[in-house]
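Asker: Sending over a structure as structure tokens; questions will come in a sec.
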Amino acid sequence: MAIGTVIWTYFKGEWHEGNLAVMGAADHGTWLGTLVFDGARSFEGVVPDLAPHCARINNSAEVMGLKPVKTKQQLVDLALEGIKKFSDDAAVYIRPMYWSTEGSTGTVIPDENSTEFCLCLEQLPMPSLSSSQTLCKTKFLRPLLSMAMVNAKAACLYPNNARMIREALARGYNNVLVTDALGNVAETATANVFMVKDGVVYTPVPNGSFLNGITRQRVIALLREDGREVIEKTLSFEDFEAADEVFMSGNISKITPVVKFEDTEYPIGPIAGLARDLYWKWAKSS
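Here the sequence shown is numbered in this note's numbering, starting from 464 and rising by one per residue.
Encoded structure:
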């Protein structure tokens, strides 16, 4: 499924326009789910944190048992080359992907030397400043590291998130606030989450059940540099119900305010706006 309106894909040494077919019916990654990916953003002439995103996909590949076939710098260079194929004012989603084409011992193990690669760039507008989300609880959970490869950005993790969102949509919400298997708030189904209480910013401490997002790390650093107190700690639903404001951080939207969690409503608060302003200022100057 293409999410963008204009698509360019680098595959086997060449650039192709459109939604290019890159996987074979019998590829190991097609039927056994060994695909890993990452996502960076180009918008308003900047490509923030591109190198960390490129480093992370290589780490995800190794977690999946694949040998990366591109260096971090090669990925950066290819992404910058691909961005030039879009108009100067285009917002672009940058998605490198690795998957295995062959299996190894026992069939389900990927052959680490069969790694295939493509880089897909899709034109995808940034959400408006007024965009917000509503959250509810879900009966589903984020798995622990002992249950799934939650230390990789692996495609096989996302069907679990998708069923959370289906549950939310059926109840009239956009997204969910999900816990880990121990009952601690982890994130939303699509992004890391922050809450504010009495001027202090809190966010779930990374505990192996969710990715410590690159945008999350950047937002924490920027808020602290601005003199704001940011605390990473174990949080509960009750903490979020008592919050003054809540917002999300993720690559596609960067900063998104949350205006409701179950029956608790929040204003679009000043810290979410500050986080977004700080992020844009940093991105423009970096």
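By construction, the Cβ of each residue, glycine as well, lies at the ideal position given by its N, Cα and C atoms.
I'd like the span of the alpha helix (DSSP H) that includes Leu-495, first residue to last.
Answerer: By one-based count along the sequence shown, residue 495 stands at place 32. Run containing Leu-495: 491 to 495, per the alpha helix (DSSP H) assignment.
Asker: Answer yes or no: do Trp-471 and Glu-480 have a C-beta to C-beta separation smaller than 8 Å?
Answerer: Within the sequence shown, the letter at position 8 stands for residue 471. Within the sequence shown, the letter at position 17 stands for residue 480. Cβ distance < 8 Å, so Trp-471 and Glu-480 count as in contact.
Asker: CB-CB under 6 Å to Ala-746, same chain, minus the five flanking residues each way: which ones, in chain order?
Answerer: Walking along the sequence shown from the start, residue 746 turns up at place 283. Contacts found: Val-509 and Pro-511.
Asker: Of the choices Ser-550, Val-499, Phe-549 and Ala-503, whose alpha-carbon is the least far from that of Glu-525?
Answerer: As a first step, residue 525 must be located in the sequence shown, where it is residue number 62. Ranking Ser-550, Val-499, Phe-549 and Ala-503 by Cα distance to Glu-525 puts Val-499 first.
Asker: Report the rounded CA-to-CA distance for Leu-741 versus Pro-720, giving the unit in angstroms.
Answerer: Here residue 741 is taken as the residue at index 278 of the sequence shown, counted from 1. Here residue 720 is taken as the residue at index 257 of the sequence shown, counted from 1. Rounded to whole angstroms, Leu-741 to Pro-720 spans 15 Å at the Cα level.
Asker: Cβ atoms of Arg-629 and Cys-599: under 8 Å apart, would you say?
Answerer: Residue numbering aside, residue 599 sits at position 136 when the sequence shown is read from its first letter. Residue numbering aside, residue 629 sits at position 166 when the sequence shown is read from its first letter. No, these two residues do not count as a Cβ contact at 8 Å.
Asker: Do Val-641 and Val-664 have their beta-carbon atoms positioned less than 8 Å apart in this structure?
Answerer: Taking the first residue of the sequence shown as position 1, residue 664 is located at position 201. Taking the first residue of the sequence shown as position 1, residue 641 is located at position 178. Their beta carbons are not under 8 Å apart, which means Val-664 does not touch Val-641 by this criterion.
Asker: With DSSP collapsed to three states, give me the class of Arg-558.
Answerer: Position 95 of the sequence shown holds residue 558. Three-state result, Arg-558: strand.
Asker: Quick check on the DSSP output: the alpha helix (DSSP H) that includes Asp-542 runs from which residue to which?
Answerer: As a position in the sequence shown, residue 542 is number 79, starting the count at 1. Per the sequence presented here, residue 542 reads as Ala, with Asp not at that position. Unbroken alpha helix (DSSP H) run through Ala-542: 535 to 546.
Asker: Using 8 Å as the cut-off, can you tell me whether the stretch 584 to 592 makes contact with the stretch 615 to 624, which would need three or more C-beta pairs spanning the two stretches below that distance?
Answerer: Short answer: they don't touch.
Asker: Under the assumption that Arg-832 contacts Ser-712 (Cβ atoms under 8 Å), give the Cβ distance between them as a whole number of angstroms.
Answerer: In the structure displayed, the chain extends from 464 to 749; residue 832 sits before or after that span and is not available.
Asker: My output table needs one value for Tyr-636: the three-state DSSP class, helix, strand or coil.
Answerer: Here residue 636 refers to the residue found at position 173 when the sequence shown is read from its first residue. Three-state result, Tyr-636: coil.
Asker: In this structure, what does DSSP give as the bridge partners for Cys-619?
Answerer: Position 156 of the sequence shown holds residue 619. None; Cys-619 has no bridge partner.
Asker: Which word fits Asp-501, buried or exposed, when buried means at least 16 other C-beta atoms lie within 10 angstroms of its C-beta?
Answerer: For this step, residue 501 is matched to residue 38 along the sequence shown. Buried, since its Cβ has 16 or more Cβ neighbours within 10 Å.
Asker: In this structure, what does DSSP give as the bridge partners for Pro-720?
Answerer: Taking the first residue of the sequence shown as position 1, residue 720 is located at position 257. Answer by DSSP bridge pairing, in chain order: Phe-710.
Asker: If you run the structure through DSSP and keep just helix, strand and coil, what is Glu-507?
Answerer: Residue mapping note: residue 507 aligns to position 44 of the sequence shown, counting from 1. Coil at Glu-507, not helix or strand.
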